[in-house]
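*Asks:* Structure in structure tokens, see below.
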């Protein structure tokens, strides 16, 4: 069976495997036998091997070197390029995070390979599904040059365990001078809330211009917390200073694809829809019955969000 490489992303706080990687491991199994690639500083793979094996990694390539963490993403791309040359895999699958997309692009150049980004599904014959043109079209594409490289959109695939050997294979790290041109001089660990990470959450509650102020976003946060959800915001909301830009959902923000997306006070401009319309179930709350978001929603509530959302939060809390 052909080998498929999956680049591993870990949570910096505790070294556990990020959900996007588990999804990539699951999707990659359609193409062959999965091998995980862990690249980072010394000891980076210590707490990850068992989880990677649980989700289908027959091999775990471990590339550990201080230099990988001392520079930006170029070292990871070089490690992958060396493995592609040595192992001749059928494909490489990478989570579609900001870092993952950059690594994939660099890898494509280094190996002379075709690259499909932000795919939502990978078929056994290598055909990938993508949502393009701000969500207006769904296309099926296939790489015809080199080793196919895919980045997988978050929440497109449900992670499924498939226990495998997880054999650890050390990788000798040898970096070129080109990979060392941009050094990391400082790292700041962002304080995390108890809420799920936006791009990995199975439920997202987003607020828009209709929320009217930063103070009123507590209503959105209350509903999100009652559901164990992440909080998002439209571009209009973040541009108005209601919520930080890092929580923006849309064409110029983050792309999410949760099981449930609740849009509160969001009109539904095409730029916002591009970042959330692949959500499995969409609920919209808006006082304007003609709001474009209702064209996309599975369920719509026409009403004042300041009455609807607190009432919904209260009902959810009462059922717990």
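In UniProt numbering, the protein residues as written are 1 to 320. Positions of the beta carbon are idealized from the N, C-alpha and C atoms, including for glycine. Bear in mind the structure is a predicted one, so any value in this text is a computation, not a measurement.
1. Buried or exposed: which applies to residue 319, given that a residue is buried once 16 or more other Cβ atoms fall within 10 Å of its Cβ?
2. Helix, strand or coil for residue 98, going by three-state DSSP, please let me know.
3. Strictly by DSSP, which residues pair up with residue 57?
4. Look at the alpha carbon of residue 156 and the alpha carbon of residue 120, and state the distance between them as a whole number of angstroms.
5. Terminal residues of the continuous alpha helix (DSSP H) containing residue 27?
6. In this structure, how does DSSP classify residue 391 when only helix, strand and coil are distinguished?
7. Which residues bound the beta strand (DSSP E) around residue 141?
8. Among the residues of its own chain, which have a CB less than 7 Å from the CB of residue 29, if the five just before and after it don't count?
9. Helix, strand or coil: which one does DSSP assign to residue 167?
10. For the candidate residues 221, 111 and 167, whose alpha-carbon lies nearest to that of residue 145?
11. Taking the continuous alpha helix (DSSP H) assigned at residue 313, which residues delimit it?
12. Could you give the residue range of the beta strand (DSSP E) that holds residue 3?
13. State yes or no: is the C-beta of residue 68 within less than 8 Å of the C-beta of residue 59?
14. Closer than 8 Å is the cut-off here; do at least three beta carbon pairs connect the stretch 210-228 with the stretch 247-255?
*Replies:* From the atom records:
1. Against the chain shown, residue 319 aligns to sequence position 319. With a 10 Å radius around the Cβ and a threshold of 16 neighbouring Cβ atoms, residue 319 comes out exposed.
2. Within the chain shown, numbered from 1, the residue matching residue 98 stands at position 98. Residue 98 sits in a helix when the DSSP states are folded into three classes.
3. Along the chain shown, one-based indexing puts residue 57 at 57. Per DSSP, 34.
4. The residue labelled residue 156 in the question sits at position 156 within the chain shown. The residue labelled residue 120 in the question sits at position 120 within the chain shown. Put simply, the backbone Cα of residue 156 is about 5 Å away from that of residue 120.
5. Looking up residue 27 in the chain shown gives position 27. Taken as a continuous stretch (DSSP letters only), the alpha helix (DSSP H) holding residue 27 covers 19-28.
6. The structure shown does not extend to residue 391, since the chain spans only 1 to 320, so no value can be given for it.
7. For the purposes of this step, residue 141 is taken as residue 141 along the chain shown, with counting starting at 1. Where residue 141 is concerned, the enclosing beta strand (DSSP E) stretches over 137-141.
8. Looking up residue 29 in the chain shown gives position 29. Excluding the 5 residues flanking it on each side, residue 29 has same chain C-beta neighbours closer than 7 Å at 56 and 162, in chain order.
9. On the chain shown, position 167 is the one that residue 167 refers to. DSSP places residue 167 in strand when its eight states are reduced to three.
10. If you number the chain shown from 1, residue 145 lands on position 145. With distances taken between Cα atoms, residue 145 lies closest to 111.
11. The residue given as residue 313 occupies position 313 in the chain shown. Per DSSP, residue 313 belongs to the alpha helix (DSSP H) from 305-318.
12. As a working mapping, residue 3 is identified with position 3 in the chain shown. First-last of the beta strand (DSSP E) with residue 3: 3-7.
13. Locating residue 68 in the chain shown gives position 68, counting from the first residue. Locating residue 59 in the chain shown gives position 59, counting from the first residue. No.
14. Below 8 Å, too few C-beta pairs join the stretch 210-228 and the stretch 247-255 to call them touching: fewer than three.
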